[in-house]
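Residue numbers (my numbering): 1 to 336.
Ideal Cβ positions, reconstructed from N, Cα and C, are used throughout, including at glycine.
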Amino acid sequence: MSKLRVSLALSRNPNTAPLISGHVGVEGLDVHVTTVHPSEMFWRQLKFADFDISEMSMSTLLILTAAAQDSGVVRDWVAIPVFTSRRFFHTGGLVRTDSGIEKPRDLVGKRVGVPEYQQTAAVWTRGILHEQFGVDPRDVHWHMERVPEISHAGSTGFTPPSGITITQIQRGESIASKLDDGSLDATIMYINDPNIVDRSRTDLSRHPMVRPLFADVEAECRRYHRATGLFPVNHAVVVRRELAEQHPWIVLNVYQAFVNARDAARAPVLEALGDYVATGAIDEAARAALVENLYPYGIKANRGELDTLCRYAFEQGLTGHLLTPEDVFDQRTHAL
Numbered sequence: 001m002s003k004l005r006v007s008l009a010l011s012r013n014p015n016t017a018p019l020i021s022g023h024v025g026v027e028g029l030d031v032h033v034t035t036v037h038p039s040e041m042f043w044r045q046l047k048f049a050d051f052d053i054s055e056m057s058m059s060t061l062l063i064l065t066a067a068a069q070d071s072g073v074v075r076d077w078v079a080i081p082v083f084t085s086r087r088f089f090h091t092g093g094l095v096r097t098d099s100g101i102e103k104p105r106d107l108v109g110k111r112v113g114v115p116e117y118q119q120t121a122a123v124w125t126r127g128i129l130h131e132q133f134g135v136d137p138r139d140v141h142w143h144m145e146r147v148p149e150i151s152h153a154g155s156t157g158f159t160p161p162s163g164i165t166i167t168q169i170q171r172g173e174s175i176a177s178k179l180d181d182g183s184l185d186a187t188i189m190y191i192n193d194p195n196i197v198d199r200s201r202t203d204l205s206r207h208p209m210v211r212p213l214f215a216d217v218e219a220e221c222r223r224y225h226r227a228t229g230l231f232p233v234n235h236a237v238v239v240r241r242e243l244a245e246q247h248p249w250i251v252l253n254v255y256q257a258f259v260n261a262r263d264a265a266r267a268p269v270l271e272a273l274g275d276y277v278a279t280g281a282i283d284e285a286a287r288a289a290l291v292e293n294l295y296p297y298g299i300k301a302n303r304g305e306l307d308t309l310c311r312y313a314f315e316q317g318l319t320g321h322l323l324t325p326e327d328v329f330d331q332r333t334h335a336l
């Protein structure tokens, strides 16, 4: 029996590399893989439904889920709790050295850039800045780089939540150019990887007037993780609903393929750590700490991150009601 041929869009990272290379496949599927930058991937899926299976912005999934529940319209996609990308997003901010911003609280009243207001990294950052540093999103003057035609917002019907002011950065400008000329004081995140959606291309790491919001990023990552126990998630995985309804087995087969890919990527690291123990380079306690799986999949292992993100989306006015992870992900994955 021939396998079902499907298209799969992935971003490049260690957890997806075995799927991209073909070292790991999806049982029952003949998979055609396209590697796409996440900014572009999400826009193409939302605007054109280009791929049968892909990664997808978690915040966009929350927005679409809440809207579908309110309207009774069934979403085009089913979601799977696979989280290939994580980061302490609030540590990615940049500020001008002449802006008067010495600590996160100083963002209040400032002109702050964001590639897209509704994107997951921005939701996490605003939530953490509000909860941990007292920065109310309503007290910041937001400037958004992506235009409605090429953005998540153009497909989700996003409008600024009550009390939020968002200025559209004009097409001939970018977050980079506005930081450079001083018409922005800061940005809570910065994307300069080449892709169709994001316009900034300048490497700001050597800009004499721009520095990180947190002077010691690693120290802030450790502090936040110790304080909350959370490692924020970014992307999930979606499957075209029509496919999942016609072939229900696809959902869990795709989930298992991503687990297999993640584990295949970790295998050389685990083997090397075993060698280090054998030679006395590290002890067993150090090995135990290093082999911890930093990328668990499924709802259960990510309950804290998912509940927090659902709450942030509701508190920030992106969803009209508070969601649970079970609202978002396909019912076949609820026990995972």
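Buried/exposed call for residue i, threshold 16 Cβ in 10 Å
{"i": "residue 3", "result": "exposed"}
{"i": "residue 267", "result": "exposed"}
{"i": "residue 103", "result": "exposed"}
{"i": "residue 304", "result": "exposed"}
{"i": "residue 302", "result": "buried"}
{"i": "residue 213", "result": "buried"}
{"i": "residue 15", "result": "buried"}
{"i": "residue 216", "result": "exposed"}
{"i": "residue 116", "result": "buried"}
{"i": "residue 199", "result": "buried"}
{"i": "residue 294", "result": "exposed"}
{"i": "residue 249", "result": "exposed"}
{"i": "residue 159", "result": "exposed"}
{"i": "residue 178", "result": "buried"}
{"i": "residue 121", "result": "buried"}
{"i": "residue 265", "result": "buried"}
{"i": "residue 222", "result": "exposed"}
{"i": "residue 5", "result": "exposed"}
{"i": "residue 240", "result": "buried"}
{"i": "residue 262", "result": "buried"}
{"i": "residue 298", "result": "buried"}
{"i": "residue 146", "result": "buried"}
{"i": "residue 18", "result": "buried"}
Residue i vs residue j beta-carbon contact at 9 Å
{"i": "residue 189", "j": "residue 127", "result": "no"}
{"i": "residue 36", "j": "residue 11", "result": "yes"}
{"i": "residue 118", "j": "residue 224", "result": "no"}
{"i": "residue 56", "j": "residue 247", "result": "no"}
{"i": "residue 352", "j": "residue 64", "result": "With the chain covering 1 to 336 only, the question about residue 352 has no answer from this structure."}
{"i": "residue 108", "j": "residue 136", "result": "yes"}
{"i": "residue 314", "j": "residue 306", "result": "no"}
{"i": "residue 33", "j": "residue 9", "result": "yes"}
{"i": "residue 134", "j": "residue 47", "result": "no"}
{"i": "residue 54", "j": "residue 193", "result": "no"}
{"i": "residue 252", "j": "residue 324", "result": "no"}
{"i": "residue 80", "j": "residue 330", "result": "yes"}
{"i": "residue 259", "j": "residue 73", "result": "no"}
{"i": "residue 220", "j": "residue 90", "result": "yes"}
{"i": "residue 13", "j": "residue 60", "result": "no"}
{"i": "residue 26", "j": "residue 238", "result": "no"}
{"i": "residue 317", "j": "residue 151", "result": "no"}
{"i": "residue 335", "j": "residue 24", "result": "no"}
{"i": "residue 156", "j": "residue 180", "result": "no"}
{"i": "residue 320", "j": "residue 66", "result": "yes"}
Where the beta strand (DSSP E) through residue i begins and ends
{"i": "residue 175", "result": "Run containing residue 175: none in the beta strand (DSSP E); it sits in the alpha helix (DSSP H), 175-181."}
{"i": "residue 35", "result": "29-35"}
{"i": "residue 332", "result": "No beta strand (DSSP E) contains residue 332, which DSSP labels as neither H nor E."}
{"i": "residue 189", "result": "Careful: residue 189 lies outside any beta strand (DSSP E) and carries neither H nor E."}
{"i": "residue 5", "result": "4-10"}
{"i": "residue 82", "result": "Neither: residue 82 is in no beta strand (DSSP E) and is coded neither H nor E."}
{"i": "residue 211", "result": "210-212"}
{"i": "residue 94", "result": "94-96"}
Start and end residues, alpha helix (DSSP H) containing residue i
{"i": "residue 18", "result": "17-21"}
{"i": "residue 58", "result": "58-71"}
{"i": "residue 41", "result": "38-48"}
{"i": "residue 219", "result": "217-228"}
{"i": "residue 244", "result": "241-246"}
{"i": "residue 311", "result": "303-315"}
Anticipated Cβ contact below 8 Å, residue i with residue j, distance rounded
{"i": "residue 144", "j": "residue 168", "result": "6 Å"}
{"i": "residue 185", "j": "residue 96", "result": "6 Å"}
{"i": "residue 232", "j": "residue 142", "result": "With 8 Å as the limit, residue 232 and residue 142 do not qualify as a contact, their Cβ atoms being about 20 Å apart."}
{"i": "residue 187", "j": "residue 175", "result": "5 Å"}
{"i": "residue 7", "j": "residue 52", "result": "5 Å"}
{"i": "residue 43", "j": "residue 197", "result": "5 Å"}
Proximity test, Cβ basis, 9 Å: residue i and chain D
{"i": "residue 46", "result": "Of the protein chains in this structure there is only one, and it is not chain D."}
Check: residue i C-beta below 8 Å from any heavy atom of the ligand COA
{"i": "residue 164", "result": "With respect to small molecules bound, the structure shown includes none, and the ligand COA cannot be examined in it."}
Which runs of the alpha helix (DSSP H) spanning at least 4 residues fall entirely within the stretch 109-187, listed in chain order?
120-133, 153-156 and 175-181
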